[in-house]
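Working notes, structure below.
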Amino acid sequence: MRKPSMFVLSMLATGAIFWPSAQAQQAPAPAAQNPTAKAAAQAPAATAKKPGTSKSGQTSASPAQAALALNTPKDKLSYSIGMNIGKSLKKDSVDVDPAILLRGIKDVLGGGNLLMNDQEAQTILTNLQADLRKKQEQETQQVAETNKKEGDAFLAANKVKDGVVALPSGLQYKILQEGTGPKPTAADTVTVNYRGTLINGAEFDSSYKHG
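The sequence shown lines up with residues -24 to -1, 1 to 187 when you count with mature numbering (1 follows the signal peptide of the UniProt record, and there is no 0).
Have a look at this one:
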């Protein structure tokens, strides 16, 4: 997938081509030309240069893409909104047609005829939200199942290690160095230091660091 900047520029370039072509389809056919005029009209096409290519064979960026400049607050606002839309769609892996997306924006901002009514559009967006929510739930469930499987395997292997005590509740502990002082009672308040890690050894909390 292209970067957000290229995404917006591609939308603008495609829309600029699409809009005139739609109007050209409705224009009347041109009058017949004589052979001399026809040959003159075709001459520039014969000498037209192909888009430049790099050594790798890829077409270089068009002048329209390279010349885009954000000179005014309106330019920057427009581009920022485009970036926001592009990043959101990319983050959620929403597959859209940039040209049609741009057409929808143009039709609304320009007061053109809309191809869908508000109710139809809202139904589509509601379905999209439901699909994204379902996808997120599935991903969360998959992560939870993986974590549980790895956790159960860790506890099963850990409880048979020397010195590990497994309680009926499932809690496992091991005394590394037994103290010699008086044991606290249920009425006492004790202060302890601890270090919490995941089963892969990654530390998520430690009283030694924050007290």
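Ideal Cβ positions, reconstructed from N, Cα and C, are used throughout, including at glycine.
None of these values were measured; they are calculated from a predicted model.
Closest in alpha carbon position to Tyr149, among Thr161, Pro160, Gly172, Ala163, is Gly172. Note on geometry: alpha-carbon atoms of Val166 and Ile175 lie some 27 Å from one another.
The C-alpha of Ile151 lies about 8 Å from the C-alpha of Val140. Judged by DSSP secondary structure, Asp107 falls outside any beta strand (DSSP E) and instead within the alpha helix (DSSP H) spanning 94 to 134.
Around Val119, the same chain offers no residue with a beta carbon nearer than 8 Å, after the five sequence neighbours per side are excluded. With distances taken between CA atoms, Gln112 lies nearest to Asp68 out of Leu143, Gln98, Lys135, Asp68.
The C-beta distance from Leu90 to Asp83 rounds to 6 Å, short enough to fall under 8 Å. Residue pairing of Lys150 in beta bridges, as defined by DSSP: Val140. Gly157: not part of any alpha helix (DSSP H); DSSP gives it neither H nor E. The Cβ neighbour count for Arg109, taken over all protein chains shown within 10 Å, is under 16; the residue is labelled exposed. Asn169 and Glu115 have their C-alpha atoms some 35 Å from each other.
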